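Undergrad: Take this structure, written in structure tokens, and hold onto it; I'll ask about it next.
Residue numbers (UniProt numbering): 1 to 255.
The structure is reproduced here in structure tokens:
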């Protein structure tokens, strides 16, 4: 080691040691000993511990750490951190200071919003189609409901709700094959004659505000168009099956 190199700072000394170690390893294939009698400078004690410097240099060469990485060894005191005052940086005291968390939650919220928007568009489209279908059902204005239709209407009124929303009345009209206007008038007239019983307000899964019977709310708290349609269809089917069996039994007895 020359006198010029020994007078240089610790960074230059480190560079010289790494360069000498690399060249010496290439020539002697690892014969260089960490306990060699190389002169040391006061600055070298900050960067090259005398205990075991060889692993540190090998790790640097194996990991291809650039030369500027040794600058961290110059820090002899606590590092002073300064927060940027730029508008693009958030203050650490802010609850949303961690940028990647905000970005991740934003993506999730956007996906949920897009999904809800798509579902609502599909729901409105289906409701319009059902309304058009119910409007095409023809029945005489003054014609009374038959036994099956009356049983379905009575079941909905007594056990589910006295105040069905528009989409539910459309479903009833289609299931019992009755004009939508007549179904709507039936519920209105029935409320004028008999409004007994307690009703509990509820917002359905589709966003409609309805008032349900307490018994219906105890049975299920997640009412929607699809669930209401299933309940009414099953009840209507049972009535039809019962009527068919009664007719078959009457025909068999007469035969």
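For each residue, glycine too, the CB sits at the ideal point set by N, CA and C.
This structure is a prediction, so every number in the text was calculated from the model and none was measured.
Could you check the C-alpha separation between residue 130 and residue 170 for me, to the nearest Å?
TA: As a working mapping, residue 130 is identified with position 130 in the chain shown. As a working mapping, residue 170 is identified with position 170 in the chain shown. Rounded to whole angstroms, residue 130 to residue 170 spans 7 Å at the Cα level.
Undergrad: Rounded to whole angstroms, what's the CA-CA distance from residue 138 to residue 178? Just pull it up for me.
TA: To locate residue 138, count along the chain shown from 1; it is residue 138. To locate residue 178, count along the chain shown from 1; it is residue 178. Taking the straight line from one Cα to the other gives about 7 Å.
Undergrad: To which residues of the same chain is residue 36 closer than 7 Å at the C-beta, ignoring the five residues directly before and after it?
TA: The count along the chain shown starts at 1 and reaches residue 36 at position 36. At residue 36, the pLDDT of 45 sits below 50, so the modelled position is not reliable and the matter cannot be decided from this model.
Undergrad: Extract the residue ranges of the beta strand (DSSP E) inside the segment 164-212, only unbroken runs of 3 or more that lie entirely within it.
TA: Qualifying beta strand (DSSP E) stretches, in chain order: 199-203.
Undergrad: CB residue 228 to CB residue 168, shorter than 9 Å?
TA: For the purposes of this step, residue 228 is identified with residue 228 of the chain shown, where counting begins at 1. For the purposes of this step, residue 168 is identified with residue 168 of the chain shown, where counting begins at 1. The answer is yes: Cβ separation under 9 Å.
Undergrad: Does the Cβ-Cβ distance between residue 141 and residue 181 come in under 9 Å?
TA: Locating residue 141 in the chain shown gives position 141, where the first residue counts as 1. Locating residue 181 in the chain shown gives position 181, where the first residue counts as 1. Yes.
Undergrad: Express the C-alpha separation of residue 190 and residue 154 in angstroms, rounding to a whole number.
TA: On the chain shown, position 154 is the one that residue 154 refers to. On the chain shown, position 190 is the one that residue 190 refers to. Looking at the two C-alpha atoms, the distance is approximately 9 Å.
Undergrad: Rounded to whole angstroms, how far is the Cβ of residue 174 from the Cβ of residue 134, which I believe are closer than 8 Å?
TA: Stepping through the chain shown from its first residue, residue 174 is reached at position 174. Stepping through the chain shown from its first residue, residue 134 is reached at position 134. About 5 Å separates the two Cβ atoms, so the contact holds.
Undergrad: So, helix, strand or coil for residue 243, using DSSP?
TA: Numbered from its first residue, the chain shown carries residue 243 at position 243. Looking at residue 243 - three-state DSSP - the assignment turns out to be helix.
Undergrad: I want to check one thing, is the minimum distance from the CB of residue 215 to the heavy atoms of the ligand MG below 8 Å?
TA: This structure does not include the ligand MG; it has no bound ligands of any sort.
Undergrad: From this set, 157, 128 and 119, which residue's C-alpha is nearest residue 211's C-alpha?
TA: Here residue 211 refers to the residue found at position 211 when the chain shown is read from its first residue. Taking only the C-alpha atoms, the option nearest residue 211 is 157.
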